[in-house]
Amino acid sequence: MLKVDVSLQRAGFQLQVKHAFSGTGVTAVFGPSGSGKSTLLRVIAGLETQVSGSVQWHTTDWLQGRKQLRAEHRKVAMVFQQPHLFSKKSVMENILYGMPKRGEGVFIHPDEVIKVLGISPLLQRYPSALSGGQQQRVALARALLSQPRLLLLDEPMTGLDYAAKQQILADLKKVQQRFQLPMIFVSHQLDEVVQLADDVVVINQGQVESAGPLQQQVPQLAGHSDGPLSVLELEPVEQVPQQGLQCWRIDGQSLWLPQALEETSAKQRLLVWARDVSLALQPLTASSLSNQLAANVVAVEAARHAAEVIVTLSLGDQQLRALITRASCQRLALAPGVKVMAAFKAAAVH
Amino acid sequence: MTALDWQAVSLTLKLGLYSTLILLLLATPLAWWLARRHSWLSSVIQAVVALPLVLPPTVLGFYLLMWLGPSGFVGATLESLGLDHLAFSFEGILVASVIYSLPFAVQPLVESFRQLPQGQLEAAATLGAGWWRRFWTLVIPASQGGFLVAATLSFAHTLGEFGVILMLGGSIPGETQVLSILIYDHTEAMNYDAAGNLALGLLVFSFTVLLAVYSLQKRTLGGATYAKG
Chain A
0 MLKVDVSLQR
10 AGFQLQVKHA
20 FSGTGVTAVF
30 GPSGSGKSTL
40 LRVIAGLETQ
50 VSGSVQWHTT
60 DWLQGRKQLR
70 AEHRKVAMVF
80 QQPHLFSKKS
90 VMENILYGMP
100 KRGEGVFIHP
110 DEVIKVLGIS
120 PLLQRYPSAL
130 SGGQQQRVAL
140 ARALLSQPRL
150 LLLDEPMTGL
160 DYAAKQQILA
170 DLKKVQQRFQ
180 LPMIFVSHQL
190 DEVVQLADDV
200 VVINQGQVES
210 AGPLQQQVPQ
220 LAGHSDGPLS
230 VLELEPVEQV
240 PQQGLQCWRI
250 DGQSLWLPQA
260 LEETSAKQRL
270 LVWARDVSLA
280 LQPLTASSLS
290 NQLAANVVAV
300 EAARHAAEVI
310 VTLSLGDQQL
320 RALITRASCQ
330 RLALAPGVKV
340 MAAFKAAAVH
Chain B
0 MTALDWQAVS
10 LTLKLGLYST
20 LILLLLATPL
30 AWWLARRHSW
40 LSSVIQAVVA
50 LPLVLPPTVL
60 GFYLLMWLGP
70 SGFVGATLES
80 LGLDHLAFSF
90 EGILVASVIY
100 SLPFAVQPLV
110 ESFRQLPQGQ
120 LEAAATLGAG
130 WWRRFWTLVI
140 PASQGGFLVA
150 ATLSFAHTLG
160 EFGVILMLGG
170 SIPGETQVLS
180 ILIYDHTEAM
190 NYDAAGNLAL
200 GLLVFSFTVL
210 LAVYSLQKRT
220 LGGATYAKG
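Here it is as structure tokens:
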């Protein structure tokens, strides 16, 4: 449990955050840029000196009034937007920098981290000879080997290309599964949040706007992004991929999605924009849309634009939202209880 | 070269070496503080440190003679403790040379410390490295260039010291008669050959040291010294 109740004043900006982080799993701190997400993370790490209030990790005070426990005593590792690797040290020296000297309390071992993150070919090199994605993986390895009790990630995928970003995301998932390390990560990218987070804290203008489990926070996330959306939880299916497509199960129905970069046997979350979902009363046959799910209409609500409505569908205990025109809604006579086929592009998967 | 000349050479090297060591120990914390603080006090300290750059050496020498001599505050205090005052002694010119060369040690270090890769230092802190460990493992390697320049300039500037030593130390062989003073004495005695030999030696030596350091710095550190990591 990490209890934070802090305030920090800067020219033209005030951070005023009160929140109790669960201290398990992955918590995403989401919000627009300039909202104070990174500053909050730096406060937790002990890198902000001008902060007052309280930060408490379980029964230990990290901040009490203005009295700080120094960053080096918190056992909280941080991965920054920039890798900040030690430029005059080799990759090996970098990742061992934070290892406890006498091997006490080592629960994350170098061999394991090197293997999980696939960095063994890089060990003898120097940071300047690595790509951005490789540098960030080394920074992650370095953070893990300092045996932290909490891992902080400050938009670690910023500035990386798509492939490198997917790689880091996959790495973070593996790290989370393997080492069960609590993580707090800051992001303004919805796909990152959806893929990693168990809990979400939405920050805006230096304050907590809302907080809770990911599924509960979907409407708030939508409020800070490109419109309504859904997050579907998919169950893996033991089936050989066909034509690059992998089979997943949701509410007893099948979905075929492009194979992930890294095979995972765990649950997968799917971000579906409401505008990418189309509804029909009959199954579509002659269509390029191959993923169709039978669902029941739960609610029809007004959307931001007067000509559109948001139709909420139930898929077992999960919800899928579709953004369609009011005219279509009337034509199909959509109302709570109506059974429909919901189709969306597999390519829209994140 | 006579025995007197050789004595002056060894005394000069000794003074340069001691001054440089003391200066590095003194200037490092001072530069660290100056690089981080921007208050009226730091401006005052910076101005005081830079004074030897603009003051005539005779002014500095005069005040030091007053303070370190038998009737000065420092000199009298030392005498009351049963020690000697510092005028006309090696210890005296060592103190003078440390003060006189202080800006040459402090400025390059302040410059280096201002360019430190803050991100790396913060990352190190979150990895559990305390202040000393960060200093030894990251600050020193990143400031190599600054330390090299500070040490060289301190040493070379001490070799070139004349006015302050003449005022405070006089010309006592083996005690305060450094090369610059001996060259002056030889010249006054119209002993031009001896003066010329020493002058040429000092010129070649100083140039060689500076050349070695600047080319070494360029080759091994390149622009990387001041580049952010």
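Sequence lines, in order, name chains A and B. Number 87 in numbering that gives the first Met the number 0 belongs to position 88 of the first sequence; there are no gaps in the numbering. Number 171 in numbering that gives the first Met the number 0 belongs to position 172 of the second sequence; there are no gaps in the numbering. Even for Gly, the Cβ is constructed at its ideal location relative to N, Cα and C.
Checklist line | Proximal chain A residues relative to Gly162 of chain B, where beta-carbon distance stays under 7 Å | finding: Neighbours of Gly162 of chain B on chain A: none; closest Cβ ~41 Å, over 7 Å.
Notebook entry, point to check: Can you find a C-beta in chain A that's less than 8 Å from the C-beta of Ala46 of chain B?
Noted result: Under the Cβ criterion of 8 Å, Ala46 of chain B is not counted among the residues facing chain A.
Margin query: Helix, strand or coil for Val8 of chain B? Go by DSSP, reduced to three states.
Written below: Secondary structure of Val8 of chain B (DSSP, three-state): helix.
Margin query: By the three-class DSSP mapping on this structure, what secondary structure does Val239 of chain A have?
Written below: Note: Val239 of chain A maps to coil in three-state DSSP.
Notebook entry, point to check: To which residues of the same chain is Leu137 of chain B closer than 7 Å at the C-beta, ignoring the five residues directly before and after it?
Noted result: Taken in chain order, the residues that qualify are Gln119, Leu120 and Ala123.
Checklist line | N- and C-terminal bounds of the alpha helix (DSSP H) containing Ile182 of chain B | finding: Run containing Ile182 of chain B: Leu178 to Glu187, per the alpha helix (DSSP H) assignment.
Next item on the list: At 4 residues or longer, and completely inside the stretch 24-96 of chain A: list those alpha helix (DSSP H) runs for me, N to C.
Entry: As far as the stretch 24-96 of chain A is concerned, its whole alpha helix (DSSP H) runs of at least 4 residues are 36-44 and 90-95.
Next item on the list: Taking C-beta pairs closer than 7 Å, name the residues in chain A that Gly129 of chain B reaches, listed in chain order.
Entry: Within chain A, Glu71 have C-beta atoms less than 7 Å from the C-beta of Gly129 of chain B, given in sequence order.
Check: Based on the DSSP secondary-structure assignment, which residues constitute the bridge partners of Asn203 of chain A?
Finding: Asn203 of chain A is bridged by DSSP to A:Gln206.
Checklist line | Residues that Arg141 of chain A contacts on chain C, provided the C-beta gap is smaller than 9 Å | finding: Any reference to chain C falls outside this structure, whose protein chains are A and B.
Next item on the list: Check whether the Cβ of Leu137 of chain B lies closer than 8 Å to any Cβ atom in chain A.
Entry: For Leu137 of chain B, the answer is yes, since a Cβ of chain A falls inside 8 Å of its Cβ.
Notebook entry, point to check: By how many angstroms is the C-alpha of Ser229 of chain A removed from the C-alpha of Leu314 of chain A?
Noted result: The alpha-carbon separation between Leu314 of chain A and Ser229 of chain A amounts to approximately 12 Å.
Item checked: CB contact check: Gly118 of chain B to chain A, cutoff 8 Å -> Interface residue (Cβ-Cβ distance to chain A less than 8 Å): Gly118 of chain B is classified as such.
Note to self: Counting only beta-carbon separations shorter than 8 Å, does Pro140 of chain B have a partner in chain A?
What the structure shows: Output row for Pro140 of chain B: interface = yes.
Next item on the list: Can you check the stretch 266-336 of chain A for any beta strand (DSSP E) of at least 3 residues that lies completely inside it and give the ranges in chain order?
Entry: Within the stretch 266-336 of chain A, the complete beta strand (DSSP E) runs of at least 3 residues are 267-272, 276-279, 290-301, 307-314 and 317-324.
Notebook entry, point to check: DSSP state of Gly168 of chain B, grouped into three classes?
Noted result: Judged by DSSP in its simplified three-state form, Gly168 of chain B adopts helix.
Notebook entry, point to check: What are the complete beta strand (DSSP E) segments, minimum 3 residues, inside the stretch 133-176 of chain A?
Noted result: 149-153, all fully within the stretch 133-176 of chain A.
Next item on the list: Please state if the CB of Leu33 of chain B and the CB of Ser100 of chain B are separated by a distance shorter than 8 Å.
Entry: Against a cut-off of 8 Å, the Cβ pair of Leu33 of chain B and Ser100 of chain B comes out as no contact.
Margin query: Just checking: is the beta-carbon of Val75 of chain A within a distance shorter than 8 Å of some beta-carbon in chain B?
Written below: Yes, its Cβ sits closer than 8 Å to a Cβ of chain B.
Next item on the list: Leaving out five residues on either side along the sequence, give the residues of the same chain with a beta carbon under 6 Å from the beta carbon of Val192 of chain A.
Entry: Correct list, in chain order: Ala27, Phe29 and Ser186.
Next item on the list: Note the first and the last residue of the continuous alpha helix (DSSP H) segment covering Lys100 of chain A.
Entry: Counting along the chain, Lys100 of chain A falls outside any alpha helix (DSSP H), and DSSP gives it neither H nor E.
Check: Taking C-alpha atoms, which residue in B:Phe112, B:Glu160, B:Trp130 and B:Ala155 lies nearest to Ala141 of chain B?
Finding: Comparing Cα-Cα distances from Ala141 of chain B to each of B:Phe112, B:Glu160, B:Trp130 and B:Ala155, the minimum goes to B:Phe112.
Notebook entry, point to check: If you count every other CB in all the chains shown that lies within 10 Å of the CB of Phe79 of chain A, and 16 or more means buried, which is it?
Noted result: Its Cβ being crowded by 16 or more others within 10 Å, Phe79 of chain A is buried.
Notebook entry, point to check: When we look at the beta-carbon of Arg136 of chain A and count the other beta-carbons within 10 Å, is it buried (16 or more) or exposed?
Noted result: Flag for Arg136 of chain A reads buried.
Check: Using the beta-carbon of each residue, which ones in chain B are nearer than 7 Å to Gln81 of chain A?
Finding: In chain order: Gly118.
Next item on the list: Give the DSSP-derived three-state secondary structure of Lys17 of chain A in the structure shown.
Entry: If DSSP states are grouped into helix, strand and coil, Lys17 of chain A belongs with the strands.
Check: Whose CA, out of A:Tyr96, A:Glu92 and A:Leu244, lies closest to the CA of Gly127 of chain B?
Finding: Nearest to Gly127 of chain B by C-alpha distance, out of A:Tyr96, A:Glu92 and A:Leu244, is A:Tyr96.
Next item on the list: Leaving out five residues on either side along the sequence, give the residues of the same chain with a beta carbon under 6 Å from the beta carbon of Gln206 of chain A.
Entry: Excluding positions up to five away in sequence, the list reads Gln15.
Check: Mapping DSSP to helix, strand and coil, what is Ala128 of chain B?
Finding: Here Ala128 of chain B sits in coil by DSSP.
Check: Touching or not, the stretch 42-61 of chain A and the stretch 86-100 of chain A, by the rule of three or more beta carbon pairs under 8 Å?
Finding: Not touching, per the Cβ criterion.
Next item on the list: Enumerate in chain order the residues of its own chain whose CB-to-CB distance from Val115 of chain A is below 7 Å, with the five nearest sequence positions on each side excluded.
Entry: Residues Lys173, Val174 and Arg177 of the same chain have their beta carbon placed closer than 7 Å to that of Val115 of chain A, with the five preceding and five following residues left out of the count.
Next item on the list: Could you check the C-alpha separation between Lys36 of chain A and Val201 of chain A for me, to the nearest Å?
Entry: Spanning the two alpha carbons is a distance of roughly 9 Å.
Next item on the list: Under 9 Å between beta-carbons, which chain B residues line up against Ala44 of chain A? List them in chain order, please.
Entry: Chain order gives the chain B residues near Ala44 of chain A as Glu121, Ala124 and Thr125, where near means a beta carbon separation below 9 Å.
Check: Is the stretch 196-208 of chain B touching the stretch 165-183 of chain B, taking contact as three or more C-beta pairs under 8 Å?
Finding: Two segments are said to touch when three or more pairs of C-beta atoms, one from each, lie closer than 8 Å; by this definition the stretch 196-208 of chain B touches the stretch 165-183 of chain B.
Check: Which whole-angstrom value describes the C-beta separation of Pro227 of chain A and Leu322 of chain A, a residue pair presumed to lie in contact below a C-beta threshold of 8 Å?
Finding: Between Pro227 of chain A and Leu322 of chain A the beta-carbon gap is near 6 Å, inside 8 Å, which marks them as a contact.
Margin query: Taking the straight line between their C-alpha atoms, what separation do you get for Val25 of chain A and Phe134 of chain B?
Written below: Between the C-alpha atoms of Val25 of chain A and Phe134 of chain B there is a straight-line separation of about 34 Å.
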